[in-house]
Every structure is written in structure tokens, then in C-alpha cells.
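Taking my numbering, the leading residue of the sequence shown gets 5, the next gets one more, and so forth.
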Amino acid sequence: MDQVSSTIKPDLIARICALCDGEDDKIAIMATVSAELYHGVDGFDWVGFYRVVSPGLMKIGPYQGGHGCLVIPFERGVCGAAARQKAIQIVDDVERFDGHIACSASTKSELVIPCFDACGELLGVLDIDSDKPAFFNTGDARKLDQMLRCLFSGAN
Ligand code: SME
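Okay, here's the thing in C-alpha cells:
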């Protein structure tokens, strides 16, 4: 079933957009998004970015939460799948996702959203983990996707 409910309040999205207004540095945007989402939503236990650094390879960017693995090739993990397919991944149960990279044993579900610049080039992915199973829904994913497209459209 296509869930469209959302745990992300509209004022949080509005605050992030206000904080990043006029900012064109993508690392500054990533740091702000990570901090605001991590501290703003109960149930988001890790929030961060993996950045494309060479063809088929991502490295860790700004994040909040316990330590994340430093390098993710496009062939690996939920993040790799999002980058490879250029498509949002909602994983209700990470143990059932073939190739999931377990940075924390407590993670139960995961949402990964690819990020693009104004030219449609893949910048990286936003990865959000939850210790609760099936925590993410299409409503959250759509809101965040729209926000990221807007924030990174003028970034370099
Ligand atoms: N679980 C991710 C790896 C990154 S950590 O969750 C921070 C994946 O499978 O791609």
C-alpha cells in the first residue's frame, strides 16, 4: 500500500529552507540539513550525506549520529542502490535488503534519497536511519526530495 502520511512537520522543512536561504555551498547545506533533521524528528537516529567523489564511488559527508562508514561504492548498500538507480529507497526492514551495510546494529529501517544539482548531475545521497521498523513513508520521502531539489538547485 502506498502510505502518504508523514512524520515530518511542515515547519521543520520551512525552517531548513530559511536557514539555507541564499546559501550555495553544498557542504554547508548538507551540514544544516543533517543537524535539523536529526534533532527535529524523533525516530531519526542517523542522518547524513554520502557524496559522489569519483565515478561509482561515494564518501561520507556531513552527518549526525554515531559514526558512519567512510566509503560506499555504487554497487553496495541501500545508498549505492539509490545512487545507481537515481531513485528513492524506502527499506522497512534492513535485514531483508540484500547487501545492506550495517553501520549500527540498532538500525531497523532506512530512507535514502538521491540529490541532484541544477544540471541534474548526481551530487550524492541523503541517508536517514531509524531504530524503529518501517518508520519511513512516501509522504516523508516526497517532502524531503522536494526540499533537497530546491536546496541544491543553486549549490556548487
Ligand atoms: N546502511 C547504509 C550505509 C550507511 S549507514 O547506514 C550510515 C547502506 O546500506 O547503504
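We treat Cβ as the ideally placed atom computed from N, Cα and C, and that holds for glycine.
Check your understanding: Going by beta carbon distance, what residues of the same chain come within less than 6 Å of Leu148, once the five residues before and after it are set aside?
Key -> On the sequence shown, position 144 is the one that residue 148 refers to. Correct list, in chain order: Ile117.
Just curious, the alpha helix (DSSP H) that Arg153 is in, first and last residue? Within the sequence shown, the letter at position 149 stands for residue 153. For Arg153, the enclosing alpha helix (DSSP H) stretches over residues 142-156.
Under the assumption that Thr36 contacts Cys21 (Cβ atoms under 8 Å), give the Cβ distance between them as a whole number of angstroms.
As a first step, residue 36 is located in the sequence shown; it is residue number 32 there, counting from the start. As a first step, residue 21 is located in the sequence shown; it is residue number 17 there, counting from the start. Actually they do not touch by this definition, with Cβ atoms about 10 Å apart.
Just reading off the alpha helix (DSSP H) that Ile17 is part of, what are its end residues? Along the sequence shown, read from residue 1 onward, the residue named residue 17 stands at position 13. Element bounds for Ile17: 14-23.
ask   = Taking C-beta to C-beta, are Asp144 and Lys112 nearer than 7 Å?
value = Translated into the one-based positions of the sequence shown, residue 144 becomes position 140. Translated into the one-based positions of the sequence shown, residue 112 becomes position 108. Not closer than 7 Å, so no.
Q | Cβ neighbour criterion (16 or more within 10 Å) applied to Glu114 | A | Locating residue 114 in the sequence shown gives position 110, counting from the first residue. Classification for Glu114: buried.
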